[in-house]
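Below is one structure, written out as structure tokens; the observations come after it.
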């Protein structure tokens with residue numbers, strides 16, 4: 013059920029007393045996801061209970077967004093929502109340019125070197141700055157950090173969940 017949904021944000025706190033929420037973004041498209049009248053799902057972390065809400069207003073704030081949903085008008089109504097995820101159906105995903113991928117398409121992919129060696133599975137994506145880094149769990153249990161650059165990532169096949177890489181000197 014929940015793997016048919018994409019995370020677009022996490023409610024981290026309330027903001028003011030009029031029912032606004034501070035949302036930590038988990039999307040590259042906040043202007044699409046938090047546009048007025050857009051519908052989102054608030055998911056309870058333990059029960060999976062879904063609550064459909066409508067964006068009334070949203071604005072950038074520091075590294076977050078301040079979002080007000082039409083369904084709420086007071087801090088007491090939104091206080092229990094802290095810690096919950098904001099999601100949309102995968103069918104509403106924004107089409108990406110060629111050679112760009114969603115995290116959910118990359119995490120879980122098998123990584124193979126250009127010499128045919130099985131290097132394990134991508135378990136996490138880091139965003140330290142200039143380029144993303146794919147954290148790969150090697151068969152030995154250790155981690156391999158793969159910089160997402162053309163010299164390293166040779167081919168990504170999200171349908172087959174495989175990624176072909178070139179291991180530059182010093183990576184292993």
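Numbering (this note's numbering), first residue to last: 13 to 184.
Every residue gets a Cβ at the ideal spot worked out from N, C-alpha and C, and that includes glycine.
Presumed contact (8 Å Cβ cut-off) between residue 19 and residue 38, rounded CB distance:
If you number the chain shown from 1, residue 19 lands on position 7. If you number the chain shown from 1, residue 38 lands on position 26. Between residue 38 and residue 19 the Cβ distance is about 5 Å, and since that is below 8 Å, they are a contact.
Buried or exposed: where does residue 14 fall if 16 or more other Cβ atoms within 10 Å of its Cβ makes it buried?
Translated into positions along the chain shown, residue 14 becomes position 2. Low confidence applies here, because residue 14 scores a pLDDT of 47, under 50, leaving its location unreliable and the question unanswered by this model.
Report the partner residues of residue 130 according to the DSSP bridge assignment.
Numbered from its first residue, the chain shown carries residue 130 at position 118. Beta-bridge pairing by DSSP links residue 130 to 124.
How would you label residue 73, buried or exposed, when you count the other beta carbons within 10 angstroms and need 16 or more for buried?
Walking along the chain shown from the start, residue 73 turns up at place 61. Around the beta carbon of residue 73, fewer than 16 other beta carbons lie within 10 angstroms, which makes this residue exposed.
CA-to-CA distance, residue 164 to residue 82, given in whole angstroms
By one-based count along the chain shown, residue 82 stands at place 70. By one-based count along the chain shown, residue 164 stands at place 152. Their Cα atoms are separated by approximately 46 Å.
Going by CA-CA distance only, name the one from 102, 119, 59 and 98 that's closest to residue 77.
Residue mapping note: residue 77 aligns to position 65 of the chain shown, counting from 1. Cα-wise, what sits closest to residue 77 is 98.
Give me whichever residues DSSP pairs with residue 98 in a beta bridge.
For this step, residue 98 is matched to residue 86 along the chain shown. 21 and 54.
Starting from the Cα of residue 89, find the closest Cα among 50, 29 and 148 and give me that residue.
Mapped onto the chain shown, residue 89 falls at position 77. Of the candidates 50, 29 and 148, the one whose C-alpha sits nearest the C-alpha of residue 89 is 29.
Measure the Cβ-Cβ separation of residue 132 and residue 151 and say whether it is below 9 Å.
Your numbering for residue 132 matches position 120 in the chain shown. Your numbering for residue 151 matches position 139 in the chain shown. The answer is yes: Cβ separation under 9 Å.
Name the DSSP bridge partner or partners of residue 175?
In the chain shown, the residue the question calls residue 175 occupies position 163. DSSP lists 123 and 168 as the beta-bridge partner residues of residue 175.
Grab the span of the alpha helix (DSSP H) containing residue 42 for me, first residue to last.
Taking the chain shown and counting its residues from 1, one reaches residue 42 at position 30. Going by DSSP, residue 42 is part of the alpha helix (DSSP H) stretching over 42-45.
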